[in-house]
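Shown next, in structure tokens, is the structure this report addresses.
2 protein chains.
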Amino acid sequence: MVFPLKGREGREGLPARVRIHEVGPRDGLQNESAIVPVQVKAEFIERLAAAGLSTVEATSFVHPKWVPQLADAEELYPRLGGLDGVRLPVLVPNARGLERALALGAREVAVFASATESFAKANLNRTVDGALEMFEPVVTRAKREGLRVRGYLSMCFGDPWEGPVPVEQVVRVCRALVGMGCDELSLGDTIGVATPGHVHALLTALERAGLPASGETDLAVHFHDTYGQALSNTFTALQHGVATVDASAGGLGGCPYAKSATGNLATEDLVWMLHGLGIETGVDLALLCATSRWMAERLGRPSPSRTVRALSGTASHKEQ
Amino acid sequence: MVFPLKGREGREGLPARVRIHEVGPRDGLQNESAIVPVQVKAEFIERLAAAGLSTVEATSFVHPKWVPQLADAEELYPRLGGLDGVRLPVLVPNARGLERALALGAREVAVFASATESFAKANLNRTVDGALEMFEPVVTRAKREGLRVRGYLSMCFGDPWEGPVPVEQVVRVCRALVGMGCDELSLGDTIGVATPGHVHALLTALERAGLPASGETDLAVHFHDTYGQALSNTFTALQHGVATVDASAGGLGGCPYAKSATGNLATEDLVWMLHGLGIETGVDLALLCATSRWMAERLGRPSPSRTVRALSGTASHKEQ
Chain A
1 MVFPLKGREG REGLPARVRI HEVGPRDGLQ NESAIVPVQV KAEFIERLAA AGLSTVEATS
61 FVHPKWVPQL ADAEELYPRL GGLDGVRLPV LVPNARGLER ALALGAREVA VFASATESFA
121 KANLNRTVDG ALEMFEPVVT RAKREGLRVR GYLSMCFGDP WEGPVPVEQV VRVCRALVGM
181 GCDELSLGDT IGVATPGHVH ALLTALERAG LPASGETDLA VHFHDTYGQA LSNTFTALQH
241 GVATVDASAG GLGGCPYAKS ATGNLATEDL VWMLHGLGIE TGVDLALLCA TSRWMAERLG
301 RPSPSRTVRA LSGTASHKEQ
Chain B
1 MVFPLKGREG REGLPARVRI HEVGPRDGLQ NESAIVPVQV KAEFIERLAA AGLSTVEATS
61 FVHPKWVPQL ADAEELYPRL GGLDGVRLPV LVPNARGLER ALALGAREVA VFASATESFA
121 KANLNRTVDG ALEMFEPVVT RAKREGLRVR GYLSMCFGDP WEGPVPVEQV VRVCRALVGM
181 GCDELSLGDT IGVATPGHVH ALLTALERAG LPASGETDLA VHFHDTYGQA LSNTFTALQH
241 GVATVDASAG GLGGCPYAKS ATGNLATEDL VWMLHGLGIE TGVDLALLCA TSRWMAERLG
301 RPSPSRTVRA LSGTASHKEQ
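Chains as they are written, first to last, in UniProt numbering: chain A, 1 to 320; chain B, 1 to 320.
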């Protein structure tokens, strides 16, 4: 059942269409213990595109020492040349990563900033401002080459060392990323602790600060399901008009019984909600679920996505 | 972090306090394949009460042939006598079940109606109206005995045979249950297909119909997490002022890889959200998680609650 939202009290603000920024091949596989062969990754991305996902974050040009799961970026990226019309951003941690991405003809890149000092230190061995100084020439050069640049902002809600993150702190780093020329910001709840009131508070603070300037920079949200809150938080963001949502096919990277689970929001659970709300995504849910089941077989374990499991069962229901 | 909601745009309608109607021992264990010994059930309920749950649905006086998991109701209920101040409703499917509950001194009962003809037929071999006719003398007698009566209404959103359920149909059965004298209605998404727009539509329709009359009948929601939507739907209900929410400790009854999973909303995931929103529940989350881990050990499998798993891991975070 599709609910016509127009004119419904309190629902007018929901976007008519949401672009899903699929992170399974990068954020998902980066957090799986298995190392997936490059031809499987390429087929995975092709299948995701065939299921209607228009943006698929393909890989990361980070040093292989840090993320061995994605050490095949140079081999993978050229295999995706046939995917016309699909955006294939890649993560670039620094200037060296950007050069590797440029050499392969990447058209979209993402940098990964932190809203907190502790995580900037742990992840990059820099201060927040030191990390921003490192990113500035990366973003500038990417823009000069005509690339679209996404700025990830991690730890926007809670930080394992610092606890709750003040919204003003997040607003300040957002302003810096927009000032550098980022085309898109992705607000990340890296440890999955946020709840809808916090999401509401941060998005309200950003709106009051005029960030991001409408029509210039897209705003995305990236919630983790560590405490089961990802979809409620996403719904809150939709209520604020956010129309780009990050998710991971089959909940990749969020294996329920792994200690290291990041608990990525499963794309299928997101699509179920969006379609139920009458919001267009362009995604064929049955094809997407088939892709996630196929990938789960390759990983040798069931998908943690509830929708994938439900639609695989005998009592599956039609999308409503 | 607690977010003071007062005066925050769009958040004024959230309740200051939510009563959780804990259904783990009944709806949860009824849907687990294992048969749990009666002394374990009694200890489970005692632990739930000690964790601050003020309402714990204890068991069901259904015929043992239909629900062998709860065949020990007569043995279990008298063991709970020491739980002063804790409400212990029991499910009664019919007049015979009510007599059994009365004989043991139960003070609260629940009947289980259907919003759809197909489920009324499948579950009770009656029409919707035929089932209501059967419940009427049960509710009348229970009220005469001074009992509090909850009316469950199943299939309020989707039905496996009929698909989406028109809100008018649900409103009609709600009106009948209120008319009988039910003190509380619990709107159930039995197959877990609902999304927030549908929840909004149903609650709006009930409000327009003046149901339930404010101050006379409580309104509760009962969402299943089959497609991962339970918490988003609950959040939508909170935005409508609903202040009683059903949930199952540890997500009991929703074992992620069981075909028969009902996918009950895990109480811990709900509590994480409510506390994050600054809504009081009276629940000690750490004690509740310890109880669910203890129960999961007895069932020989991990809890499907994401919060239970996260707080059991090495990277657990404080409630925010």
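Backbone N, C-alpha and C define an ideal beta-carbon position, used for all residues, glycine too.
For clarity, every value in this text was computed on a predicted model and none was experimentally measured.
- With the criterion set as a beta carbon lying under 9 Å from some beta carbon of chain B, the members of the stretch 194 to 206 of chain A are 194, 195, 196, 197, 198, 200, 201, 204, in sequence order.
- The beta-carbon of residue 153 (chain B) is placed no less than 7 Å from the nearest beta-carbon of chain A.
- Of B:179, B:152, B:268, B:249, the smallest CA-CA separation from residue 90 (chain B) is found for B:152.
- Using a Cβ distance threshold of 7 Å, residue 237 (chain B) and residue 199 (chain B) count as a contacting pair.
- The alpha-carbon separation between residue 228 (chain B) and residue 267 (chain B) amounts to approximately 14 Å.
- Secondary structure note for residue 296 (chain A): its alpha helix (DSSP H) is the uninterrupted segment 285 to 299.
- Rounded to the nearest whole angstrom, the C-alpha separation of residue 222 (chain A) and residue 233 (chain A) is 9 Å.
- Counting along the chain, residue 223 (chain B) sits inside the beta strand (DSSP E) bounded by residues 218 to 223.
- What residue 225 (chain B) touches in chain A, judged by beta-carbon distance under 9 Å, is 228, 306, going in chain order.
- B:158 is the residue among B:180, B:34, B:158, B:297 whose C-alpha sits nearest the C-alpha of residue 202 (chain B).
- Listed along chain A are 228, 229, 231, 232, each with a C-beta nearer than 8 Å to that of residue 231 (chain B).
- Boundaries of the beta strand (DSSP E) harbouring residue 153 (chain A): 148 to 154, taken from the DSSP string.
- When DSSP assignments are scanned along the stretch 130 to 217 of chain B, the uninterrupted stretches of beta strand (DSSP E) that are 3 or more residues long and fall wholly within it turn out to be 148 to 154, 184 to 189.
- For residue 234 (chain B), the enclosing alpha helix (DSSP H) covers residues 230 to 239.
- Contact annotation: residue 80 (chain A) and residue 45 (chain A) have beta-carbon atoms nearer than 7 Å.
- Proximity of residue 235 (chain B) to chain A, defined by a Cβ-Cβ separation below 7 Å, is satisfied.
- The CB of residue 210 (chain A) never comes closer than 8 Å to any CB in chain B; the least such distance is about 17 Å.
- A distance below 6 Å between beta-carbons, with the five flanking residues on each side excluded, links residue 24 (chain A) to the following residues of its chain, in chain order: 248, 249, 252.
- Sixteen is the threshold: since fewer than 16 other Cβ atoms of the shown chains lie within 10 Å of the Cβ of residue 78 (chain A), the residue is exposed.
- DSSP, read as helix, strand or coil, puts residue 20 (chain B) in strand.
- Contact annotation for residue 287 (chain B) against chain A: no contact, minimum CB-CB distance about 17 Å [criterion: below 8 Å].
- Under the DSSP definition of a beta bridge, residue 100 (chain A) lacks any partner.
- Taking 7 Å as the cut-off between beta carbons, the residues of the stretch 267 to 295 of chain B near chain A are 269, 272, 273, 276, 277, 278, in sequence order.
- At least 7 Å separates the beta-carbon of residue 110 (chain B) from that of residue 173 (chain B).
- The closest CA to that of residue 293 (chain A), considering only A:282, A:284, A:309, A:281, is found on A:309.
- Annotation: the continuous alpha helix (DSSP H) that includes residue 269 (chain B) extends over 267 to 276.
- Judged by DSSP secondary structure, residue 308 (chain A) falls within the alpha helix (DSSP H) whose first and last residues are 306 to 312.
- Neighbours of residue 253 (chain B) in chain A, taken as residues at a C-beta separation under 8 Å, are lacking, since the least C-beta distance is about 14 Å.
- At the C-beta level, residue 265 (chain A) and residue 230 (chain A) come within 7 Å of one another.
- Minimum Cα-Cα distance from residue 30 (chain B) among the listed residues B:70, B:61, B:38 corresponds to B:70.
- Judged by beta-carbon spacing, residue 226 (chain B) lies beyond the 7 Å limit of residue 269 (chain B), meaning their Cβ atoms are not closer than that value.
- A direct Cα-to-Cα measurement between residue 73 (chain A) and residue 47 (chain A) gives close to 18 Å.
- Residues of chain B whose Cβ lies closer than 9 Å to the Cβ of residue 247 (chain A) do not exist; the shortest such Cβ separation is about 11 Å.
- In this model, residue 54 (chain A) and residue 50 (chain B) are separated by some 50 Å (Cα to Cα).
- Interface annotation, residue 122 (chain A): not in contact with chain B, CB-CB separation never under 7 Å.
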